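All remarks here apply to the structure that follows.
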Amino acid sequence: MNLLIVLAAIFLAGCATLSPDAGFSDVEQAVTQRTGARTQWVRSEDAANSVQARLKELLLKPIGPPQAVQIALLNNPGLQARYADVGIAEADLVQASRWRGPTFSFARLRRGGETEIERSVFFDVLGLITIPLSVRGEEARFAAAKNRAASEALRVALETRRAWFNAVAARETSRYMEQVKQAAEASAELARRMAEVGNWPKLNQAREQAFYAESTVQLARARQAEASARERLARLMGLWGEDLGFQLPERLPDLPKEPRQLGPDSETQALAQRLDVEAARRDAEALARSLGLTKVSRFVSLLEFGLHRNSETGQPRQRGWEIEIGIPIFDFGTARTARAEALYMQSVSRAAEVAIQARSEVRDAYGSYRTNFDLARHYRDEVIPLRKRISEEMLLRYNGMLASVFELLADSRDQVAAVNAYIEALRDFWLAESDFQMALTGRSPGASTGTTRTAAPAAASGGH
Amino acid sequence: MNTRRRFFGQSAAGLIGAALVSRVGAASLPEAPIRTTPDMAPPLQPSSGRPYSPVVTLNGWSLPWRMNSGWKEFHLVAEPVVRQIAAGMNAHLWGYNGQSPGPTIEVVEGDKVRLFVTNKLPEHTTIHWHGQRLPNGMDGVGGLTQPHIRPGKTFVYEFEAKRPGTFMYHPHADEMVQMAMGMMGFWVTHPKNPKFMPVDRDFVFLLGAFDIEPGSFTPRVNTMLDFNLFAFNTRVFPGIDPLVVRRNDRVRIRVGNLTMTNHPIHLHGHEFEVTGTDGGWTHPSSRWPEVTTDIGVGQMRAIEFIANEPGDWALHCHKSHHTMNAMGHDVPTMIGVDHRGVVEKINRLVPDYMVMGERGMADMGEMEMPLPDNTLPMMTGRGQYGAIEMGGMFTVLKVRDGLARNDYKDPGPYQHPAGTVAFEWTGQLPVAERPAPAAASKMSLKVRKPPAGHAGH
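Laid out in structure tokens, this is it:
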């Protein structure tokens, strides 16, 4: 039975077993490579405990962007749900690699006193032959699942990073609004006392009081924006309960000394590293293979091979083998081939589209990165020093009794507003930086939600 | 602009070349001395022409002349200048021969005067000789009595100084701008007879007002009344020279007003009489004693008195804002406003903030706080007993025994004879009975009494 041995060898070669990590290490590697943070599919109590321990450790200190991303990659429950898809896909793959097995048929036929017993064993030879092929299909699906999981992890990482910058900026803004309110409060209080001793009309006092009242509204809005931004970050990091006491730093990281440059190979780098590009490419490859398969098997719809052992009463036993081939008289497989070809061409076009999009996104994200860098730098190097100089000159004027304390306070409010505008510019820079980083190495940043502008009041000056 | 200026420069050279061939000739153009310091120059004793007793220009000088075939020739150059208003502040002005106001011109009744005026300003100008009897064409009203003096050009004015007295000169072309920029000068025509109304010391100065934004240098020429610097000869106290006189000297002070408001000039310790206006000498029978004389816009007054009271006597404009330097006219009054609790809040935002004005503004004279560039403290100057708290149109008449006839050096603070300075009462104070305040004056109940010392700061 040389043939059987050959078949068994084919069978064994195609057989896959479930891996201990369900193929998750690939996801882990892809994510770590692109974010610098570790991710984990929590499937056991031990794993859950170790994640919790790591979490506690991370939550002890103020959380920076890398820590926030790390926590989210370990703890975001939506991400864990997506990771389960990888396990499902692997199970499908293993299932596909198992041979259908032989079928055994037994027939006992009687004709008068004659009994005919027909026994046959059929092997799904074609199934056996196509196992490697369908395994390859399932492998592609498995790879796609891993890609999707990694891509989802990158999305969560990007959004967490963005949420972190938004939260810290919102916090700074609300702190500055607090200062504006204090200045307004001092003005209003002084105005009240001036009116009280008869130095000021009620009109002027009411004006100062009105500004104070408005600044209270602004502060409430800024505080709400801060709370909302913090909640979003907490959601992405999967935190609740007592973990909500996590600390954030007081201020945004400084602007880098020099902006990054858009290298000539940046687009190439994006094509090599981005998961969406890789997925599209793999899709096209898989379809190419299945197109090849369809071409090969277009005439062979079914191939069965059987061993026969027939015995009939009074007759010597019949032995032999049987092969059954469906002859495609009416179906030469042309339609299937055309469909496969069209599917392939579709995937090729899609891959091209994804590649073009990726290249464009790199340029676009860099443009935004660069603009926001220049703006933040302009605020830091021009606007803020100028505002400071104005305040210094204002104080000199106050010293000479050339300007009043109210002008001094109005100016200090303007200065605070300028600092706040700088914070927003700095935040926008870091958001753009995150997007650029993602466009370059991970996935399309456009899929994430846009800049969640905090409801920081416009740099309205003292309104009088 | 550059090309325009160069163009004018070339045409100026052309003009001087042309003048050479004409009546005077470039070689014979008298020199135009330039003065670069704002200090008082000693009186210019006449070296030629008729004798006279020279005047002293407060923080200024008299223009030297030359005699040329019976003509007294002067050369004025109208040009941009930098005038030190007081130590710590320079103003970018227009003036004559390096200073604003320009040099004093002194002539004698009957002198034939020839004045060369060279225009080095960026725009045309003229000079009007305020108060003089002269041919109409020499009166210096641009467009009306003469063509304008274009930049780079030199014009000649010739007339006889007919009437002795006190006069001024200033432009009468774009005069709003040019006077706001400081173009003015004094003119004294001495009587032919030196024995006529002789005095021992004869001071002259012009009143001027400027609006120079704190931290800037150039006056705002469009300001009409809200000036922030009021000056004697474009100097403000404590940058103004004292009027130093010998005890029992007969002193004449001549003041001209080229501002846009009147200035009641007030002298302490003496009565004086107004002996002259720009119209001439007043009749002795019309004079009455004064301690203040109001000098109207465009007017001149000569006052005379015997300085027989030794001491340091204030001489100032009696409009109190005019004895202040730059101040914020929109700054609200902070007197009596309780700052407790508010200061901390403000300090959190403006760390260097200090309460001022809560007890009045005298803090200003006492505290030395950093100010904007090129800005003088609002009230300033120190005397032997403390801050004088004055600026602007304020100076001191210093009457001393035993000075030399021509000695104008500042003799320092007056040494008061024992028992002649106001002193503190250290005895018992009677308790003042006050009626209960009327219900109507709700406000007056809240007037804060000054705290002892500096509590609450």
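For the protein sequence lines, the chains are A and B, in the order given.
Just so you know, the working numbering puts 264 at position 265 of the first sequence, and the rest follows in order with no gaps.
Every position in the second sequence, counted from 1, becomes a number in the working numbering once 44 is added.
Glycine included, every Cβ here is placed at the ideal spot set by N, Cα and C.
Bear in mind that the values here come from a model prediction, so they are computed numbers and not experimental data.
Within chain A, no residue has its CB atom less than 7 Å from the CB of M434/B, the nearest being about 15 Å off.
Restricting attention to P64/A, D282/A, L108/A, the CA atom closest to the CA of E138/A is found in D282/A. Around the Cβ of E27/A, a 10 Å sphere holds 16 or more other Cβ atoms; the residue is buried. Taking 8 Å as the threshold, the shortest C-beta distance from M400/B to chain A falls below it. Put simply, of R158/B, P82/B, T169/B the residue whose alpha carbon is nearest the alpha carbon of G142/B is P82/B.
Excluding residues up to 5 positions away in sequence, N103, D285 lie with their Cβ nearer than 6 Å to the Cβ of M84/B in the same chain. With contacts defined by Cβ atoms closer than 8 Å, V161/B and F199/B form a contacting pair.
Annotation for E151/A: L78, R81 place their beta carbon closer than 7 Å to its own, counting only its chain and skipping 5 residues before and after. With fewer than 16 other CB atoms across the displayed protein chains lying within 10 angstroms of its CB, Y429/B is exposed. With distances taken between CA atoms, T189/B lies nearest to N180/B out of P195/B, G196/B, N180/B. For the 8 Å CB-CB criterion, K164/B and V121/B form a contact. In this structure, V179/A keeps its C-beta atom at 8 Å or more from the C-beta atom of V361/A. Residue Y140/B holds the alpha-carbon nearest to the alpha-carbon of S106/B among F240/B, G132/B, Y140/B, P166/B. Assignment of K156/B by DSSP, reduced to helix, strand and coil, places it in the strand class. Using a Cβ-Cβ cut-off of 7 Å, M193/A is close to P376, V381 of chain B, given in chain order.
Non-local C-beta neighbours of A169/A in its own chain, meaning closer than 8 Å and more than five positions away in sequence, comprise A221, A224, E225, S227, A228, R229, T453, A455, ordered along the chain.
Beta-bridge partners assigned by DSSP to I297/B: F247/B, I347/B.
Restricting attention to Y452/B, D382/B, G372/B, L473/B, the CA atom closest to the CA of S403/A is found in G372/B.
Straight across, the Cα-Cα distance linking V347/A with A357/A is about 15 Å. Using a Cβ-Cβ cut-off of 8 Å, S411/A counts as an interface residue toward chain B, since at least one Cβ of chain B sits closer than that to its own. Inclusion of A190/A and Q181/A in the CB contact set at 8 Å is not warranted, their separation being larger than that value. Per the coordinates, the alpha-carbon of G100/A lies some 14 Å from the alpha-carbon of S119/A.
Within chain A, L394 have C-beta atoms less than 8 Å from the C-beta of D396/B, given in sequence order. Going by DSSP, L273/B is part of the beta strand (DSSP E) stretching over 273-276. For R290/B, DSSP records a beta bridge to R444/B. Non-local beta-carbon contacts of F105/A in its own chain, meaning distances under 7 Å to residues more than five positions away in sequence, involve R118 in chain order. Within the segment 175-206 of chain A, contact with chain B at the beta-carbon level (separation under 7 Å) is assigned to Q178, Q181, A182, E184, A185, E188, L189, R192, M193, E195, V196, G197, N198, W199. A direct Cα-Cα distance of roughly 5 Å separates Y378/A from Y421/A. Unbroken alpha helix (DSSP H) runs of no fewer than 4 residues, entirely contained in the segment 310-364 of chain A, are not found.
Closest by C-alpha distance to D445/B, out of M437/B, G435/B, G456/B, is G456/B. Between P215/B and H174/B, the beta carbon gap of about 11 Å keeps them out of contact (Cβ cut-off 8 Å). Residue nearest to A358/B within the set R294/B, T337/B, K197/B, L441/B is L441/B (criterion: CA-CA distance).
Looking at M393/A, R376/A, S289/A, R161/A, the one whose alpha-carbon comes closest to that of A424/A is R376/A.
For M220/B, the uninterrupted alpha helix (DSSP H) segment begins and ends at 219-224. For W115/B, the pairing in a beta bridge is given by DSSP as N112/B, K156/B.
Under the DSSP assignment, E117/A falls in the beta strand (DSSP E) whose first and last residues are 113-122.
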